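Encoded as structure tokens, the structure appears first; notes follow it.
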Amino acid sequence: MSNIVIVGSGPAGVSAALYAVRAGVDTTVLTKGPGALDRAERIENYYGLAQPVSGAELERRSIENAKRLGVRFVTAEAVGLTYTDKLTVETIGEDYPADAVILATGASRAVPRIPGLAGLEGHGVSWCAVCDAFFYRGKDVAVLGSGAYALHEVQALLPVVKSVSLLTNGMPLTAEFPPEVTVCPQKVEAVLGEQVVTGVQLSDGQEVALSGVFVALGVAGSTALARKIGAAVEGSRIVVDEKMQTTVPGLYAAGDCTGGLLQVAKAVYEGAQAGTEAAKALRKG
């Protein structure tokens, strides 16, 4: 049986799951737990609600309904997206191959405004260790992050590069990193370099010489995962067509990660469209 893996359990992800599973497709949702909807105190602008409801309650009801219909929910943090013989969502614990993948983890988090970070993107600043590690073989690099997503990037870099430093930017560690990684707990004041990255300056005045900085902050949101596999991205928005398909065949996106109105109604519609179109494409294949 064909299968779909959906990353994210918010309104877009659950809506996509409902339409996919009802179309007879084996459907798995990878979730890191409650998202932005869970933090909404009350919702009263959504169709079908006789009384206001909390975001947490709306989320709970939606997930329970999806489970009732046969959707499988797995608590796991997506840290990578690759394609070999088929699309594969990577987590720290296990990989999830899929005939189609729907990205629905909401809007990307804001990248800290570190001078030099945006300006040197593609010239030493990278968002994908798997994609770009080869270009830094034998060189000193750093990963900007402190959690499981950063650990995944570190693991991709260590066999290739000379050394890896971890720039936590003042955030606490939430994953266990290999002992050969040098942890820099200070805030990052600037990424240095004019044409290419030459290092970083830390808040205590220390300068660390580097050839590359790999951004892996927080969790790998939909936009970050799309970047890893080469899907078109405009700013923090994933580019999709009218079928919610990205520029990579078999990869769809829905909800806040596609931009526009950041509302439950819009996310549910796009999730329904993505789930329907993905299932339709698999039937044709």
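The letter at position 119 of the sequence shown is residue 342 when you use our numbering, and the numbering goes up by one with no holes. C-beta atoms are modelled at their ideal positions from N, C-alpha and C, and glycine is treated no differently. Everything numeric in this text was worked out from a predicted model, so none of it was measured.
- [ ] Starting from ALA321, follow the beta strand (DSSP E) in both directions and report where the run begins and ends.
- [x] Here residue 321 refers to the residue found at position 98 of the sequence shown. From DSSP, the beta strand (DSSP E) with ALA321 extends over 318–321.
Who are the near neighbours of ALA495 in its chain, counting only those whose CB is closer than 6 Å to its CB and skipping five residues on each side? For the purposes of this step, residue 495 is taken as residue 272 along the sequence shown, with counting starting at 1. By the criterion of a C-beta distance shorter than 6 Å, ALA495 is surrounded in its chain by SER238, TYR242, once the five residues flanking it on both sides are discounted.
query: At a cut of 8 Å, does the stretch 398–407 reach the stretch 347–359 through at least three beta carbon pairs?
result: no
Practice prompt. Could you check the C-alpha separation between SER388 and PRO395 for me, to the nearest Å?
Written response: By one-based count along the sequence shown, residue 388 stands at place 165. By one-based count along the sequence shown, residue 395 stands at place 172. One C-alpha to the other measures close to 15 Å.
Query raised in the report: Got a sec, what are the start and stop residues for the alpha helix (DSSP H) ASN392 sits in?
Result: By one-based count along the sequence shown, residue 392 stands at place 169. Run containing ASN392: none; DSSP gives neither H nor E here.
Counting along the chain, where does the alpha helix (DSSP H) carrying GLN496 start and finish? Numbered from 1 along the sequence shown, position 273 holds the residue referred to as residue 496. Here the alpha helix (DSSP H) through GLN496 covers 487–507.
Exercise. Can you check the stretch 356–395 for any beta strand (DSSP E) of at least 3 residues that lies completely inside it and give the ranges in chain order?
Key: 363–367, 386–390
- prompt: Distance, Cα to Cα, ARG450 vs THR328?
  reply: Residue 450 sits at position 227 when you count from the first residue of the sequence shown. Residue 328 sits at position 105 when you count from the first residue of the sequence shown. For the pair ARG450 and THR328, the Cα-to-Cα distance works out to about 14 Å.
- Going by the beta-carbon positions, is the gap between ALA235 and VAL462 smaller than 8 Å? For the purposes of this step, residue 235 is identified with residue 12 of the sequence shown, where counting begins at 1. For the purposes of this step, residue 462 is identified with residue 239 of the sequence shown, where counting begins at 1. Not closer than 8 Å, so no.
Tell me whether the beta-carbon of VAL294 lies closer than 8 Å to the beta-carbon of THR254. For the purposes of this step, residue 294 is taken as the residue at position 71 of the sequence shown. For the purposes of this step, residue 254 is taken as the residue at position 31 of the sequence shown. No, these two residues do not count as a Cβ contact at 8 Å.
#### Entry: Cutoff 6 Å; reference ALA497; Cβ partners in own chain excluding five residues on either side
Taking the first residue of the sequence shown as 1, we reach residue 497 at position 274. Around ALA497: ALA239, ILE325, MET467, TYR475, ALA477.
In terms of DSSP beta bridges, what is ILE227 paired with? Here residue 227 corresponds to residue number 4 of the sequence shown, with the count starting at 1. Beta-bridge pairing links ILE227 to THR250, ALA323.
* Asked: What are the residues that DSSP puts in a beta bridge with GLN468?
  -> The count along the sequence shown starts at 1 and reaches residue 468 at position 245. For GLN468, which the question treats as bridged, DSSP gives the partners TYR475.
Exercise for review: Assuming VAL228 contacts VAL312 (C-beta within less than 8 Å), just tell me the rounded distance between them.
Suggested key: Position 5 of the sequence shown holds residue 228. Position 89 of the sequence shown holds residue 312. About 5 Å separates the Cβ atoms of VAL228 and VAL312, confirming a contact at the 8 Å cut-off.
query = Among the residues of its own chain, which have a CB less than 6 Å from the CB of ALA455, if the five just before and after it don't count?
reply = Position 232 of the sequence shown holds residue 455. Contacts found: VAL462, THR470.
Is it right to say GLN429 is buried, meaning 16 or more other beta carbons lie within 10 angstroms of its own, or is it exposed?
As a first step, residue 429 must be located in the sequence shown, where it is residue number 206. With fewer than 16 other Cβ atoms within 10 Å, it is exposed.
(message) Relative to the C-alpha of ASN392, which candidate in VAL404, SER369, LEU374 has its C-alpha closest?
(response) As a working note, residue 392 is residue 169 in the sequence shown. The residue with the shortest Cα to Cα distance from ASN392 is SER369.
| field | CA nearest to the CA of VAL366, picked from VAL377, GLY453, GLY233 | value | Here residue 366 corresponds to residue number 143 of the sequence shown, with the count starting at 1. Among VAL377, GLY453, GLY233, the Cα nearest to that of VAL366 is on VAL377.
Worksheet entry | Closest by C-alpha distance to VAL438, when choosing among PRO275, SER232, ARG336 | As a working mapping, residue 438 is identified with position 215 in the sequence shown. Looking at the Cα atoms, ARG336 is the closest of the given residues.
- Task: Pick out whichever of ALA356, PRO408, VAL406, GLY258 has its Cα sitting closest to the Cα of THR298.
- Result: Within the sequence shown, residue 298 is the residue found at index 75, counting from 1. Closest by alpha carbon: GLY258.
In terms of residue numbering, what span does the beta strand (DSSP E) encompassing GLY422 cover? To locate residue 422, count along the sequence shown from 1; it is residue 199. Counting along the chain, the beta strand (DSSP E) containing GLY422 begins and ends at 422–425.
DSSP state of CYS480 mapped onto helix, strand, coil
As a first step, residue 480 is located in the sequence shown; it is residue number 257 there, counting from the start. The answer is helix: DSSP assigns CYS480 an H, G or I state.
Task: Test: GLY236 CB closer than 8 Å to a CB of chain B - done: Reference to chain B is not applicable here, since this structure consists of a single protein chain.
Got a sec: does the ligand SAM put a non-hydrogen atom nearer than 7 Å to the Cβ of LEU253? Among the ligands in the structure shown, none appear at all, so the ligand SAM cannot be discussed.
Query raised in the report: Expressed to the nearest angstrom, what Euclidean distance is found between the alpha-carbon atoms of ARG245 and GLY473?
Result: To locate residue 245, count along the sequence shown from 1; it is residue 22. To locate residue 473, count along the sequence shown from 1; it is residue 250. Rounded to whole angstroms, ARG245 to GLY473 spans 19 Å at the Cα level.
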